[in-house]
Amino acid sequence: MVVVAQLVERWLVVPDVAGSSPVIHPMFVDSSPVLSSTDVERDTTTETRVMPDVPWQTIVWNDPVNLMTYVTHVFRTYFGYSKPEAERLMLQVHNDGRAIVATGPREEMERHTEAMHEYGLWATVDRVS
Amino acid sequence: MRIEPEITGVLIELTPMERRLLSTLLVQYDEMVHDQLDDGDLAGDPALSRLFPNAYPDDDEAAAEFRRYTRDGLVERKSANSGLISAALTASSDEERLTVARDDAEHWLPALTDLRLVLAERLGIHQDDDPLPENELADVYEWLGELQWALIEALD
Numbered sequence: 372m373v374v375v376a377q378l379v380e381r382w383l384v385v386p387d388v389a390g391s392s393p394v395i396h397p398m399f400v401d402s403s404p405v406l407s408s409t410d411v412e413r414d415t416t417t418e419t420r421v422m423p424d425v426p427w428q429t430i431v432w433n434d435p436v437n438l439m440t441y442v443t444h445v446f447r448t449y450f451g452y453s454k455p456e457a458e459r460l461m462l463q464v465h466n467d468g469r470a471i472v473a474t475g476p477r478e479e480m481e482r483h484t485e486a487m488h489e490y491g492l493w494a495t496v497d498r499v500s
Numbered sequence: 004m005r006i007e008p009e010i011t012g013v014l015i016e017l018t019p020m021e022r023r024l025l026s027t028l029l030v031q032y033d034e035m036v037h038d039q040l041d042d043g044d045l046a047g048d049p050a051l052s053r054l055f056p057n058a059y060p061d062d063d064e065a066a067a068e069f070r071r072y073t074r075d076g077l078v079e080r081k082s083a084n085s086g087l088i089s090a091a092l093t094a095s096s097d098e099e100r101l102t103v104a105r106d107d108a109e110h111w112l113p114a115l116t117d118l119r120l121v122l123a124e125r126l127g128i129h130q131d132d133d134p135l136p137e138n139e140l141a142d143v144y145e146w147l148g149e150l151q152w153a154l155i156e157a158l159d
């Protein structure tokens with residue numbers, strides 16, 4: 372197992388490399404708000420967002436860390452998917468980079484996304500396109 | 004490390020060194036998830052951005068709102084998950100095997116995942132085919148993966 376003879380005290384701390392800045396996946400960088408002149412367009416967006424009938428989806432994205440068995444386990448225990456269905460979704464995440472794991476009202480999709488974040492899975496919410 | 008399924012849960016046998024390792028990591032993890040509440044600036048640490056992903060990458064306003072409504076609860080639950088492992092380690096002597104109830108073991112899994120997510124960030128693992136460096140930190144990362152894998156096997 373691990374060689375822990377010298378227990379490094381601060382393993383989880385950001386390496387303090389002078390002059391370097393952390394590499395952040397583009398996904399995690401909030402782009403600066405774009406306030407264009409197309410205010411009408413923004414209004415349309417807002418309007419669409421509050422419409423109850425527009426379906427939303429929870430998307431789980433691939434990452435190089437989570438074990439395939441873990442992702443399957445989460446899909447089974449949280450969503451209650453059968454083992455074959457959970458495995459199918461897990462493989463879709465792994466092979467295609469993402470999978471839609473749930474579709475429905477926005478609030479529900481946000482709850483699922485929050486749950487996925489608790490599980491350490493990389494999930495986002497989006498309107499069904 | 005040895006893990007066996009039991010009727011009501013899982014039996015976990017860790018060496019004293021493994022126990023110390025896990026405890027150390029969990030203390031740091033707990034500090035990490037709580038500290039981010041103070042400044043709220045996750046961009047300062049990409050690992051935190053992975054623990055609390057942006058739910059709306061294409062919509063800043065919705066992203067901020069999601070953060071506002073979920074962050075405190077997520078911190079609380081992530082902390083509670085890791086606290087369950089810490090408590091189990093504290094409540095038993097070095098020589099004892101841990102008897103972890105099924106429900107508790109389910110909460111071990113996300114905490115172990117989060118530890119691996121942070122270590123992966125420190126190890127520079129961003130893509131599926133990124134090589135694992137040959138160092139002690141990478142050994143810890145792999146060990147956590149084995150522990151999690153064995154726990155899932157026992158639970159499934």
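Chains R and B, in that order, give the protein sequences.
Heads up: the first sequence begins at 372 in the numbering used here, then just goes up one per residue.
Heads up: the second sequence begins at 4 in the numbering used here, then just goes up one per residue.
Glycine included, every Cβ here is placed at the ideal spot set by N, Cα and C.
Counted within 10 angstroms of its Cβ, other Cβ atoms place residue i as buried (16 or more) or exposed
i              : result
residue 400(R) : Bear in mind that a pLDDT of 38 at residue 400(R), under 50, signals an unreliable position, so the model cannot answer this.
residue 457(R) : buried
residue 93(B)  : exposed
residue 151(B) : buried
residue 85(B)  : buried
residue 52(B)  : buried
residue 71(B)  : exposed
residue 50(B)  : buried
residue 90(B)  : exposed
residue 426(R) : exposed
residue 159(B) : exposed
residue 437(R) : buried
Close beta carbons around residue i, own chain, < 7 Å, minus the five adjacent residues each side
i              : result
residue 5(B)   : 16
residue 439(R) : 461, 465
residue 413(R) : Bear in mind that the predicted position of residue 413(R) carries a pLDDT of just 42, short of 50, making it unreliable; the figure below should be weighed with that in mind. Excluding positions up to five away in sequence, the list is empty.
residue 118(B) : 28, 32, 147
Residues bridged to residue i [DSSP beta-bridge criterion]
i              : result
residue 16(B)  : 5(B)
residue 112(B) : According to DSSP, which records beta bridges pairwise, residue 112(B) is partnered with nothing at all.
residue 431(R) : 470(R), 494(R)
residue 102(B) : 14(B)
residue 475(R) : 427(R)
Proximal residues of chain R, C-beta to C-beta of residue i below 7 Å
i              : result
residue 152(B) : 438, 440
residue 159(B) : 444
residue 148(B) : 438
residue 107(B) : Result: empty, since nearest Cβ-Cβ is about 14 Å, beyond 7 Å.
residue 120(B) : 436, 491
residue 93(B)  : Those within 7 Å of residue 93(B) in chain R number zero; the least Cβ separation is about 18 Å.
residue 97(B)  : Near residue 97(B) there are no residues of chain R at all, since even the closest Cβ is about 14 Å away, more than 7 Å.
residue 87(B)  : Ordered by position in chain R, no residue passes the 7 Å Cβ test against residue 87(B), which lies about 13 Å from the chain.
Neighbouring residues, chain B, relative to residue i (Cβ below 9 Å)
i              : result
residue 435(R) : 123, 128, 129, 130, 131, 132, 133
residue 474(R) : Those within 9 Å of residue 474(R) in chain B number zero; the least Cβ separation is about 16 Å.
residue 425(R) : Within chain B, no residue comes near residue 425(R); the closest Cβ sits about 14 Å away, beyond 9 Å.
Own chain residues within Cβ distance below 8 Å of residue i, not counting five before or after
i              : result
residue 417(R) : Bear in mind that a pLDDT of 47 at residue 417(R), under 50, signals an unreliable position, so the number given afterwards is only what the model happens to contain. If we look at residue 417(R) and ignore the five residues flanking it on each side, it has no Cβ neighbours.
residue 37(B)  : 78, 82
residue 133(B) : 127
residue 463(R) : 469, 470
residue 454(R) : 443, 447
residue 61(B)  : none
Spatial neighbours of residue i in its chain, beta-carbon cut-off 6 Å, leaving aside the 5 residues before and after
i              : result
residue 26(B)  : 92
residue 157(B) : 6, 8, 13
Contact set between residue i and chain B, taken where Cβ atoms lie within less than 7 Å
i              : result
residue 470(R) : What residue 470(R) touches in chain B: nothing, since even the nearest Cβ is about 15 Å away.
Residues that residue i contacts on chain R, provided the C-beta gap is smaller than 8 Å
i              : result
residue 113(B) : 489, 490, 491
residue 117(B) : 491
Using 8 Å as the cut-off, can you tell me whether the segment 8-23 of chain B makes contact with the segment 463-475 of chain R, which would need three or more C-beta pairs spanning the two stretches below that distance?
The way I'd put it, the segment 8-23 of chain B doesn't touch the segment 463-475 of chain R; fewer than three beta-carbon pairs between them come closer than 8 Å.
At a cut of 8 Å, does the segment 55-75 of chain B reach the segment 472-492 of chain R through at least three beta carbon pairs?
Yes, since at least three Cβ pairs between the segment 55-75 of chain B and the segment 472-492 of chain R fall closer than 8 Å, the two stretches touch.
Can at least three beta-carbon pairs, one atom from the segment 112-128 of chain B and one from the segment 140-156 of chain B, be found at a separation below 8 Å?
Counting Cβ pairs under 8 Å, three or more are found: they touch.
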